[in-house]
Amino acid sequence: MTTFREIPLSRPDICQADIDAVVAVLQTPQLSLGPAIPKFEQAFCARFGCKHAVALNSGTAGLHLAVRAYGVGPGDEVITSPFTFIATANCVLFENATPVFADIDPETWNIDPAKVAAAVTARTKIIIPVDVFGQPAEMDTICQIARRHDLKIIEDSCEAIGASYKGRPAGMLGDVGLFAFYPNKQMTTGEGGVLITNDDQVAMLARSMRNQGRDPTSGWLAHPRLGYNYRMPDILAALGTSQLARVDEFVAKRAKVAEMYLSRLGEEKRIHFQKIAPHVKMSWFVFVVKLADTYEGKDRDRILQQLRERHIGCNNYFAPIHLQPFYAEKFGFKKGDFPVTERIADRTIALPFHPNLSEVEVDEVCRVFRGLL
Ligand SMILES: *Cc1c(COP(=O)(O)O)cnc(C)c1O
């Protein structure tokens, strides 16, 4: 069995129609603010049944604009998970507000609603639940907490396009939802994101702030508010429209690959898996296993290194945000503050995962991985 050929951690699925869509835009003079943008946004509105979709140049930009649209600033608190991609929490820092972490559920690895409830104070403005690895957070309970305390919910669904919770699509479970299109996501535009919402005011502000604070009726050099350049280029919007048309296919193919892994590793006692709640439809973003608690962080790092030496792409997912040096320094976080997150984060291994991973490759990964345990 060859180990020369690299098995990458992830790989996008780009077809001829995607390439043609990009080239078609390149043959027009409208490379920005052209018709590809509303076409892409309308495709999201049609799929999700939302009033507004705002195309952006990243998921992070979407999180930032959502936080800004709700006027969050110094002194305000935003509750989120320490077990997520760092952008989820950074968007709070962008506005000099205070991130308040609530630890995760040890089984689902999503934010624990009881810990969210305990973290609410008079200063809390927003909750940002994250649909970790493509599994929607426990949104009914989180929405109840938000209603009780008059809080807004920004759903970080950047990893969960195509997932659903009790039949409702991820991204539509809070007041605002975000999707991201980095190449390892279920669908890609290279870089990109979209904000979806039924809130007219949030959509108006996001549209203005992505475009240097302009209003639709103001001129090119009139800027009624502070804005940014968070615009998505038209070639990427065209790629996104083409990819969105195949997203259900991607999600189904990823589910098949996840099944392949689970059928080979499911009985392995030395590893654990993210528990998928019965009322959730998963949209697999990455395939992450957790080593048993008898392993330590250094054992995990050894296995990651040995997998890489054998040309198998892998990574830890995620590093706890509160222990990133600048968070620890700024807010005084230390080891032990969020023990569930720390115990899991020390032991995670993301295995190669993309829609076109073959049975032969999954066999090879599982054989090598087992041998290293
Ligand atoms: C990918 C991702 C984002 C946004 O990432 P960008 O690279 O800015 O598009 C935000 N939150 C989570 C949880 C993500 O996985």
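Using my numbering, the first residue of the sequence shown is number 188, and each one after it goes up by one.
Just so it is clear, CB atoms sit at the ideal spot from N, CA and C, and this is done for glycine as well.
The structure displayed is predicted, hence computed values, not measured ones.
Original post:
What residue does the alpha helix (DSSP H) around G484 start on, and which one ends it?
Top reply: 484-496
**OP:** Closer than 6 Å by C-beta to L252: which residues in its own chain qualify, once you throw out the five before and the five after it? Chain order, please.
**Re:** A393, M396
Original post:
Hey, would you say L360 sits closer than 9 Å to Y369, going by beta carbons?
Top reply: no
**OP:** Identify, in the order they occur along the chain, each residue of the same chain with its Cβ nearer than 7 Å to the Cβ of I329, setting aside the five sequence neighbours on each side.
**Re:** Taken in chain order, the residues that qualify are P300, V303, I314, P316, I340.
Original post:
Any idea if L544 is buried or exposed, counting beta-carbon neighbours within 10 angstroms, 16 or more meaning buried?
Top reply: buried
Subject >> Sequence-distant residues of its chain with Cβ nearer than 7 Å to I422 (five each side left out) >> reply: V209, V212, L213, L218
Subject >> Separation of G349 from N398, as counted between CA atoms >> reply: 28 Å
**OP:** Could you tell me which residues DSSP puts in a beta bridge with P286?
**Re:** V265
Original post:
Does at least one heavy atom of ligand 1 sit under 8 Å from the Cβ of F272?
Top reply: F272 Cβ: within cutoff of ligand 1.
Subject >> Buried versus exposed, by CB contacts within 10 Å (16 or more), R489 >> reply: Classification for R489: exposed.
Original post:
With a Cβ-Cβ cutoff of 9 Å, do V381 and V241 count as a contact?
Top reply: yes
Subject >> One or two residues paired with I383 in a DSSP bridge >> reply: Answer is A240, G364.
Original post:
Can you tell me whether DSSP reads I348 as helix, strand or coil?
Top reply: coil
**OP:** Give the DSSP-derived three-state secondary structure of V555 in the structure shown.
**Re:** helix
Original post:
With respect to the alpha helix (DSSP H) encompassing E529, which residues constitute its N-terminal and C-terminal limits?
Top reply: 526-532
**OP:** Measuring alpha carbon to alpha carbon, tell me which of C501, M326, P403, G260 ends up nearest R310.
**Re:** From the listed residues C501, M326, P403, G260, the smallest Cα separation to R310 is found for G260.
Original post:
At what residues does the alpha helix (DSSP H) containing I206 begin and finish?
Top reply: 203-213
Subject >> Contacting residues, own chain, Cβ-Cβ under 7 Å from P403 (five flanking each side not counted) >> reply: none
Original post:
So, helix, strand or coil for N277, using DSSP?
Top reply: helix
Original post:
How about N503 and A532: do their beta carbons lie closer than 9 Å?
Top reply: yes
Subject >> Any non-hydrogen atom of ligand 1 within 8 Å of Y369 CB >> reply: yes
Original post:
For P323 versus I291, is the C-beta distance shorter than 9 Å?
Top reply: no
Original post:
If you measure from the CB of G236, is any heavy atom of ligand 1 nearer than 8 Å?
Top reply: no
Original post:
Using a threshold of 8 Å, is the CB atom of G379 nearer than that to any non-hydrogen atom of ligand 1?
Top reply: The answer is yes for G379.
**OP:** Using beta-carbon positions only, say whether G358 and E378 come within less than 9 Å of one another.
**Re:** Contact: no.
Original post:
Which value, in whole angstroms, describes the spacing of the CA atoms of A289 and G321?
Top reply: 19 Å
Original post:
DSSP state of I341, grouped into three classes?
Top reply: strand
Original post:
If you run the structure through DSSP and keep just helix, strand and coil, what is T376?
Top reply: coil
**OP:** Within the same chain, show all residues whose beta-carbon is closer than 7 Å to that of V410, passing over the 5 residues directly before and after it, in chain order.
**Re:** The sequence given here places His at residue 410; Val does not occur at that position. Hits under 7 Å: Q399, G400, R401.
Original post:
Start and end of the beta strand (DSSP E) containing L538?
Top reply: Boundaries of the beta strand (DSSP E) harbouring L538: 535-538, taken from the DSSP string.
Original post:
If you draw a straight line from the C-alpha of P356 to the C-alpha of E346, how long is it?
Top reply: 13 Å
**OP:** State the start and end residues of the unbroken beta strand (DSSP E) segment that holds I314.
**Re:** 311-315
Original post:
Where do the ends of the alpha helix (DSSP H) carrying I329 lie?
Top reply: Residues 326-336.
Subject >> Reduced DSSP category for R412 - H, G, I as helix; E, B as strand; rest coil >> reply: coil
**OP:** Tell me, please, whether the segment 270-280 touches the segment 444-464 by the rule of three or more beta-carbon pairs shorter than 8 Å.
**Re:** no
**OP:** Identify whether H251 lies in helix, strand or coil by the three-state DSSP scheme.
**Re:** helix
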